[in-house]
Amino acid sequence: MRRSTDKLMKVTILCSGFGLGFYTPGLLLQAGLRRLGMDTAIHVFENVLPESARLKVDKSRKAYHDNFAVALMSQKVPQDMRNSLDLAAMEVLLNQWMEEDRRYFICLSGHWMYVLEEYRKRREPESVHVDIVYMDSTPSPSWKNLAKHNPHFADGCGETTFFENDNNRVSYYIDIPAVEYVPFEERQSRLFVHGGGWGMGTYRDKVGRLEEAGWELDLLLYDQDQPDEQRDSIRYFQMDPQWRTWQRNEAGEHTFPPFGEVKKGEKTVYQVGPDYHSMLDQACHVQAIVSKPGGGSLTDSFATATPLIMLEPFGVHEKHNADLWERLGLGMRYDTWIQTYDGSAQILEDMHRRIVELRSRTPRYIESYVNSIQMLAGSPGMEQGS
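Here the sequence shown stands for residues 2 to 387, numbered as in this note's numbering.
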């Protein structure tokens with residue numbers, strides 16, 4: 002039975018557009034919270050940056066897609082995001098939070114912690130409940146950089162790591178009931194091949210070898226990428242190149258990426274899923290996802306019970322993601338799968354069944370979070386607010 006305090010609660014989810022792995026999980030959380038009758042708001046970090054910084058993000062995205070070595074090198078450059086903030090935009094946001102008495106936050110990116118720190122200074126710090134959600138099995142660059150400047154950034158916050166490298170487990174997952182569950186034997190003999198939200202890494206170099214192993218492919222294109230010569234074994238898909246994470250739609254909402262199939266001689270029709278990103282409609286019908294091992298890909302793999310064949314990682318945190326997924330038997334490095342198993346489907350079926358079994362005994366984060374803030378709302382000093 003839902004408490005009456007739910008009507009007073011608004012959960013604010015803080016995302017980043019630096020990668021879809023820090024954005025789409027936030028929208029999945031929003032969809033799940035709304036299913037439980039909670040009010041929500043989403044903010045994307047790029048909207049408290051000046052326009053020049055957003056343009057720089059765009060340029061970086063293209064550079065990282067074109068050259069993976071440049072992307073890897075960028076992680077070695079320390080960043081203190083306080084110097085990049087648009088202070089006027091931040092002030093508008095903080096005033097909005099104060100006026101609406103916002104109290105409950107889920108934070109997916111370390112870039113937001115300075116803004117949250119400022120917010121806490123303006124009210125009773127104990128009245129602000131922040132749950133930090135780490136999307137990778139060890140800290141990603143935004144959290145690493147933050148820890149260098151502020152080692153105690155998590156004081157007074159809850160901390161949740163979905164995929165725990167140190168403890169060798171999946172502690173929570175984001176349940177997506179709207180996504181169809183397809184048993185392995187009913188799936189197509191296809192692979193979904195992509196390079197994450199920014200199209201990074203060596204995914205397109207693997208197409209020829211995967212075809213030699215007898216696989217048909219669903220391949221994700223990025224920006225101005227063009228399909229190779231049309232052939233029956235490959236279907237092409239694309240996210241709308243004009244869409245940006247920091248944009249809102251006509252209703253003032255952030256949306257999942259518009260997604261569509263690219264067909265020769267036809268205009269691509271992009272669709273936006275209301276409850277999940279439409280890429281999952283491909284992921285749940287294929288026998289494996291082939292991509293770098295980002296936190297977003299792990300989330301998709303676990304939610305759809307689709308094994309992950311892992312390409313070169315984007316930094317140490319993604320290497321640890323790959324280590325964990327391999328140890329748990331939920332995925333395998335590409336070279337191992339090709340060289341040791343000759344790209345076979347049998348090992349994929351074994352991994353699929355492990356995901357299904359592990360998922361059946363893994364707590365769902367959204368329900369756990371709602372229970373925790375309902376308990377907080379019943380505590381002295383936390384009865385009201387959003």
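Each residue gets a CB set at the ideal place from its N, CA and C atoms; glycine is no exception.
Cα-Cα separation, Leu-147 to Gly-111: Working through the sequence shown from its first residue, we reach residue 147 at position 146. Working through the sequence shown from its first residue, we reach residue 111 at position 110. Near 6 Å, if we compare the C-alpha coordinates of Gly-111 and Leu-147.
Nonlocal neighbours in the same chain, by C-beta distance under 8 Å from Arg-124, ignoring five residues either side: To locate residue 124, count along the sequence shown from 1; it is residue 123. Closer than 8 Å at the Cβ level, and outside the excluded window around Arg-124, lie Met-99.
Cβ-based burial, Lys-293 [other Cβ within 10 Å; buried from 16]: Counting from one through the sequence shown, the residue named residue 293 turns up at place 292. Lys-293 is buried by the Cβ-count criterion.
Assigned exposure category for Pro-308 - 16 Cβ within 10 Å defines buried: Here residue 308 refers to the residue found at position 307 of the sequence shown. Buried.
C-alpha gap between Glu-187 and Glu-368, whole angstroms: Within the sequence shown, residue 187 is the residue found at index 186, counting from 1. Within the sequence shown, residue 368 is the residue found at index 367, counting from 1. Those two C-alpha atoms are separated by around 30 Å.
For Arg-232 and Trp-113, the rounded distance between their alpha carbons: Translated into positions along the sequence shown, residue 113 becomes position 112. Translated into positions along the sequence shown, residue 232 becomes position 231. Their backbone Cα atoms lie some 45 Å apart in a straight line.
The alpha helix (DSSP H) enclosing Asp-351, as first and last residue numbers: As a position in the sequence shown, residue 351 is number 350, starting the count at 1. Its alpha helix (DSSP H) spans residues 347-361.
Gln-179 - DSSP class collapsed to helix/strand/coil: Counted from its first residue, the sequence shown places residue 179 at position 178. In the sequence on display, residue 179 carries Ala and not Gln. In this structure, Ala-179 counts as coil in the three-state DSSP scheme.
Val-180 vs Leu-299 beta-carbon contact at 8 Å: Locating residue 180 in the sequence shown gives position 179, where the first residue counts as 1. Locating residue 299 in the sequence shown gives position 298, where the first residue counts as 1. Contact flag unset, no.
Coil, strand or helix - Thr-341 by DSSP: For the purposes of this step, residue 341 is identified with residue 340 of the sequence shown, where counting begins at 1. Helix.
Identity of the residue in Thr-161, Trp-144, Thr-162 nearest Phe-154 by Cα: Position 153 of the sequence shown, counting from 1, holds the residue named residue 154. That would be Trp-144, whose Cα lies nearest to the Cα of Phe-154.
Residues of its chain near Trp-327, where Cβ-Cβ distance is below 7 Å and the 5 sequence neighbours each way are ignored: One-based indexing of the sequence shown puts residue 327 at position 326. Correcting the residue identity first, residue 327 is Glu in this sequence and not Trp. The answer, listed in chain order, is Met-333, Arg-334.
Identity of the residues DSSP links to Phe-164 by a beta bridge: As a working mapping, residue 164 is identified with position 163 in the sequence shown. Answer is Val-171.
Test item: CB-CB of Ile-356 and Leu-325 under 8 Å: Reading the sequence shown from its first residue, position 355 is the one you call residue 356. Reading the sequence shown from its first residue, position 324 is the one you call residue 325. Contact: no.
Distance, Pro-142 Cα to Leu-359 Cα: In the sequence shown, residue 359 corresponds to position 358, counting from 1. In the sequence shown, residue 142 corresponds to position 141, counting from 1. Roughly 29 Å between the two C-alpha positions.
DSSP beta-bridge partners of Arg-334: For the purposes of this step, residue 334 is identified with residue 333 of the sequence shown, where counting begins at 1. Answer by DSSP bridge pairing, in chain order: Met-311.
Other residues of its chain near Thr-162: CB distance less than 6 Å, five sequence neighbours each side excluded: Numbered from its first residue, the sequence shown carries residue 162 at position 161. Around Thr-162: Tyr-135.
Residue environment, Arg-1, which counts as buried when at least 16 other CB atoms sit within 10 Å: As displayed, the chain neither begins before 2 nor continues past 387, which places residue 1 out of reach and without an answer.
Cβ-based neighbour list, Arg-35, same chain, cut-off 7 Å, excluding 5 preceding and 5 following: Position 34 of the sequence shown, counted from the start, is the residue given in the question as residue 35. Once the five neighbours on either side are set aside, the close Cβ partners of Arg-35 are Thr-41.
Proximity of Leu-222 and Val-291 at Cβ, strictly below 8 Å: Residue mapping note: residue 222 aligns to position 221 of the sequence shown, counting from 1. Residue mapping note: residue 291 aligns to position 290 of the sequence shown, counting from 1. Against a cut-off of 8 Å, the Cβ pair of Val-291 and Leu-222 comes out as no contact.
Integer Cβ distance of Gln-189 from His-286, believed to fall under 8 Å: Sequence index remark: in the sequence shown, residue 189 carries index 188 (1-based). Sequence index remark: in the sequence shown, residue 286 carries index 285 (1-based). The pair is a contact, with the Cβ atoms about 6 Å apart (cut-off 8 Å).
Whole alpha helix (DSSP H) elements within the stretch 267-301, 4-residue minimum: 280-284
Outcome for Tyr-370 when other beta-carbon atoms lying within 10 angstroms are tallied against a minimum of 16: Here residue 370 is taken as the residue at index 369 of the sequence shown, counted from 1. Its Cβ being crowded by 16 or more others within 10 Å, Tyr-370 is buried.
Own chain, CB closer than 6 Å to Ala-304, minus 5 neighbours either side, in chain order: To locate residue 304, count along the sequence shown from 1; it is residue 303. Counting only Cβ-Cβ distances below 6 Å, and skipping sequence neighbours, we find Ile-177.
Pair within 8 Å by beta-carbon distance, Ile-175 and Leu-30: Looking up residue 175 in the sequence shown gives position 174. Looking up residue 30 in the sequence shown gives position 29. Contact: yes.
Where the alpha helix (DSSP H) through His-150 begins and ends: Counted from its first residue, the sequence shown places residue 150 at position 149. Run containing His-150: 142-150, per the alpha helix (DSSP H) assignment.
Nearest-angstrom Cα separation, counted from Leu-329 out to Arg-170: Locating residue 170 in the sequence shown gives position 169, counting from the first residue. Locating residue 329 in the sequence shown gives position 328, counting from the first residue. Straight-line Cα distance between these residues: approximately 8 Å.
Member of Arg-249, Trp-244, Glu-217 whose CA lies at the smallest distance from the CA of Ile-235: Here residue 235 is taken as the residue at index 234 of the sequence shown, counted from 1. It is Glu-217.
DSSP three-state assignment for Leu-86, whether helix, strand or coil: The sequence position of residue 86 within the sequence shown is 85, counting from 1. Here Leu-86 sits in coil by DSSP.
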